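Chains as they are written, first to last, in my numbering: chain A, 3 to 203; chain B, 1041 to 1305.
Idealized CB from N, CA, C, for every residue including glycine.
All figures in this text were calculated on a predicted structure; none of them were measured in a lab.
What follows is a short report on a single structure.
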Amino acid sequence: MSASTTKYIATVFCIIAFSLAASGQKLRFLIPDGAIVQHAGSIGYFSAGIDYDLFKNRKGSLDIMYGMQPHSKGGGFSTLSTKFAIRPFEITAAPWLIIHPVNPGAFLSYTFDDDLSLVHDRDQYIKGYYPLSEALRIHLSFSSEFKFNTSTLLKSGKLKSATLYYEVNTNDIYLTNYVQNTKGLSVTDIFKAGIGIKASF
Amino acid sequence: MERKLLLFLIIACLSGCTDFEYSPQQTFDSDSPRDLNKKNYERLLQAPVNDTLRFIVCGDSQASQNEVELFVKKANELQGLDLVFLAGDISDFGSLQEMEWLVRDFQNLKAPYFAVIGNHDLLGKGADVFKRMFGDLNYSFSYGGVKFVCHDTNGREYKFNGTVPDVNWLQTELIADGSVSSYIALAHVRPYTADFDPNLSTLYTDILNANPAMLASFYAHDHSFGEYHPNNSRIPFIVATSLGERGFLLVEIINGRLTYERIDY
Chain A
3 MSASTTKYIA
13 TVFCIIAFSL
23 AASGQKLRFL
33 IPDGAIVQHA
43 GSIGYFSAGI
53 DYDLFKNRKG
63 SLDIMYGMQP
73 HSKGGGFSTL
83 STKFAIRPFE
93 ITAAPWLIIH
103 PVNPGAFLSY
113 TFDDDLSLVH
123 DRDQYIKGYY
133 PLSEALRIHL
143 SFSSEFKFNT
153 STLLKSGKLK
163 SATLYYEVNT
173 NDIYLTNYVQ
183 NTKGLSVTDI
193 FKAGIGIKAS
203 F
Chain B
1041 MERKLLLFLI
1051 IACLSGCTDF
1061 EYSPQQTFDS
1071 DSPRDLNKKN
1081 YERLLQAPVN
1091 DTLRFIVCGD
1101 SQASQNEVEL
1111 FVKKANELQG
1121 LDLVFLAGDI
1131 SDFGSLQEME
1141 WLVRDFQNLK
1151 APYFAVIGNH
1161 DLLGKGADVF
1171 KRMFGDLNYS
1181 FSYGGVKFVC
1191 HDTNGREYKF
1201 NGTVPDVNWL
1211 QTELIADGSV
1221 SSYIALAHVR
1231 PYTADFDPNL
1241 STLYTDILNA
1251 NPAMLASFYA
1261 HDHSFGEYHP
1271 NNSRIPFIVA
1281 TSLGERGFLL
1291 VEIINGRLTY
1301 ERIDY
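Next up, the structure:
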């Protein structure tokens, strides 16, 4: 992806953000329900973002994350991700602790780097020569969450809960390899881990 | 409740058994192998040189981890094998993880192995991954009086800009040297095919033929065996099939004479 395209996308994001701010009260639903920081998990060495609750009883969530991958960790680029997950199971371990044991999810990650293009150049390659995008990855994920009810624990009104989670994910490249090589590769080869903390307001 | 706990245990196990990953596009992680071509050359130099030089040319290991395991077993059964060349397309998408999967299997080879860059390995950040894990895209070394000249011929990945293959580098590498009795060229894409720079096919073929001690040039990419003599070339342009097709070439050089056989496994 060229530097000019990156700047273009950044500009569009800024315009959207300013428009939303200007719209004020009508768009209250756009105020996030939480903030997240994450380490690893295939979206950058360190990433941070915002969280929206979806569905009744917060059975689903949509996270928008921005991750940094420093040169010293084999990167020198940043990644924008949109993560969706549902929470079908809930264990109330204590009045102050709820465990969501398995939360299936899916997410898209887009990495901004001059070497990575969204689609392969049609002048250079015939259609389908390389089937997958370089910059855009499609992920499948499973996470487990420990949700601490901070309003009970800390008698704090503003922070409703703090959630510690770990997540494993795989992506289209690894899955493509795995489905053709179920003997040579194991499930643990293609799933990669990350951990994070979410604060819900 | 029990079902939920079981699910929880499964995910906990999966998490405990998997590595943390920062990005699928990262070019290395804390335990990525480094400089493998150089390290394998150092291993090769420890081996005694004899009259017969035997090596494997294989290629296109991408998305073929099942077959790569079998290949390593087969190669380790061959007597007197000196070295192994993997002529490109180590990975399907140029990712660090795919190249690490290959090395996990190839490190079980008894003979030293050398990787050559393929077009798929240049996707994404693949060139950076390859350079750190294996070494330069164009490199050469001598063993037992034979000089192996490994190079990048994936012209399409450079939009046929006239720089790949690097003909000046090749000419320099092929200048006659008294300590070298034979030359072997190795690359991924053979000349006069769709992914080789069309403006360089003739010059490239002429350069390889100009050195009288050049015995043959080996490639992969076609996913089928073949021997070609474009423009009545003196030297053969020999193609190994893909590891996914469960085939490779076993090459022997005795007193400057080259023979080879196709092996299916």
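Quick one, are the C-beta atoms of residue i and residue j less than 8 Å apart?
i        : j        : result
D1246(B) : L1136(B) : no
G1195(B) : F1236(B) : yes
S1222(B) : L1255(B) : yes
G1142(B) : A1115(B) : The sequence shown places Leu at residue 1142(B), rather than the Gly named in the question. No.
L156(A)  : Y112(A)  : no
N179(A)  : A1260(B) : no
F1133(B) : L1283(B) : no
F1146(B) : F1125(B) : no
P1064(B) : I128(A)  : no
S135(A)  : F150(A)  : no
L1226(B) : V1156(B) : yes
G62(A)   : G198(A)  : no
S1131(B) : D1176(B) : no
D1192(B) : N1178(B) : yes
T184(A)  : P97(A)   : no
M70(A)   : G51(A)   : no
N105(A)  : I93(A)   : no
H102(A)  : F91(A)   : yes
N1159(B) : D1129(B) : yes
F203(A)  : D35(A)   : yes
A108(A)  : S143(A)  : yes
L110(A)  : L138(A)  : yes
L187(A)  : Q1105(B) : yes
L1076(B) : I1096(B) : no
F1181(B) : F1188(B) : yes
Y1280(B) : C1098(B) : Inspection of the sequence shows that residue 1280(B) is occupied by Ala rather than by Tyr. Yes; because the gap between Cβ atoms is below 8 Å, this pair is in contact.
For residue i, would you say it is in contact with chain B, using Cβ-to-Cβ distances shorter than 8 Å as the test?
i       : result
M3(A)   : Residue confidence is low: M3(A) scores 46 on pLDDT, short of 50, so the model does not pin down where it sits. Its coordinate-derived value is still stated next. Cβ-Cβ to chain B under 8 Å: no for M3(A).
N59(A)  : no
S6(A)   : In this prediction, S6(A) has a pLDDT of 48, which is less than 50 and means its spatial position is unreliable; what the coordinates show is noted afterwards. It does not; no Cβ of chain B falls within 8 Å.
R139(A) : yes
T1(A)   : Past the edges of chain A, shown from 3 to 203, lies residue 1(A), and the structure says nothing about it.
G76(A)  : yes
D116(A) : no
I88(A)  : no
L82(A)  : no
K194(A) : yes
G186(A) : yes
I100(A) : no
T94(A)  : no
Y132(A) : yes
F31(A)  : no
F203(A) : no
I175(A) : yes
F109(A) : no
With residue i and residue j assumed to form a contact (beta carbons below 8 Å), what rounded beta-carbon distance in angstroms separates them?
i        : j        : result
T165(A)  : E147(A)  : 5 Å
C1057(B) : T190(A)  : 4 Å
E1107(B) : R1286(B) : 5 Å
Y1300(B) : I1278(B) : 7 Å
Q1066(B) : K75(A)   : 7 Å
R1094(B) : L1290(B) : 7 Å
A1151(B) : F1258(B) : A1151(B) to F1258(B), Cβ: 16 Å. No contact.
F1060(B) : G196(A)  : 7 Å
Y1183(B) : R1230(B) : Not confirmed; about 24 Å, so no contact.
G1164(B) : L118(A)  : 6 Å
P1205(B) : L1240(B) : 6 Å
Give a yes or no on whether the minimum CB-CB distance between residue i and chain A is below 8 Å.
i        : result
S1135(B) : yes
L1289(B) : no
W1141(B) : yes
E1061(B) : yes
R1286(B) : no
K1199(B) : yes
E1138(B) : yes
R1196(B) : yes
Within the present structure, is the beta-carbon of residue i separated from the nearest heavy atom of the ligand COA by less than 7 Å?
i       : result
V121(A) : Among the ligands in the structure shown, none appear at all, so the ligand COA cannot be discussed.
Problem - Residues within the region 1090-1114 of chain B neighbouring chain A, beta-carbon criterion of under 8 Å - result: A1103, S1104, Q1105, N1106, E1107, V1108, E1109
Practice task
Determine which residues of the region 41-55 of chain A have a Cβ less than 8 Å from any Cβ of chain B, and write them out in chain order.
Solution key: Of all residues in the region 41-55 of chain A, H41, A42, G43, S44, I45, G46, Y47 have a Cβ within less than 8 Å of some Cβ in chain B.
Practice task
Identify each residue in the region 1112-1133 of chain B for which the Cβ-Cβ distance to at least one residue of chain D is less than 8 Å, and report them in chain order.
Solution key: No chain D is part of this structure, whose protein chains are labelled A and B.
Problem - Residues of the region 142-172 of chain A whose Cβ lies closer than 9 Å to any Cβ of chain B, in chain order - result: Listed by position, the residues of the region 142-172 of chain A near chain B (Cβ gap below 9 Å) are F144, S145, S146, Y168, E169, V170, N171.
Handout entry: Start-end ranges of the beta strand (DSSP E) lying completely within the region 1211-1268 of chain B, minimum 3 residues
Key = DSSP runs (the beta strand (DSSP E)) wholly in the region 1211-1268 of chain B: 1222-1226, 1254-1259, 1266-1268.
Practice task
Compile a chain-ordered list of the residues in the region 1154-1185 of chain B whose CB is closer than 7 Å to at least one CB of chain A.
Solution key: L1163, G1164, K1165
Handout entry: Residues, ordered as in the chain, of the region 1058-1082 of chain B that lie near chain A by beta-carbon distance below 7 Å
Key = T1058, D1059, F1060, E1061, Y1062, S1063, P1064, Q1065, Q1066, T1067, F1068, D1069
Problem - Entirely enclosed beta strand (DSSP E) segments - the region 1092-1145 of chain B, minimum 3 residues - result: Fully contained in the region 1092-1145 of chain B are the following beta strand (DSSP E) runs of length 3 or more, in chain order: 1092-1098, 1123-1127.
Exercise for the section: Let me know the alpha helix (DSSP H) ranges lying completely inside the region 110-182 of chain A, each 4 residues or longer, listed in chain order. Expected result: 152-155, 174-182
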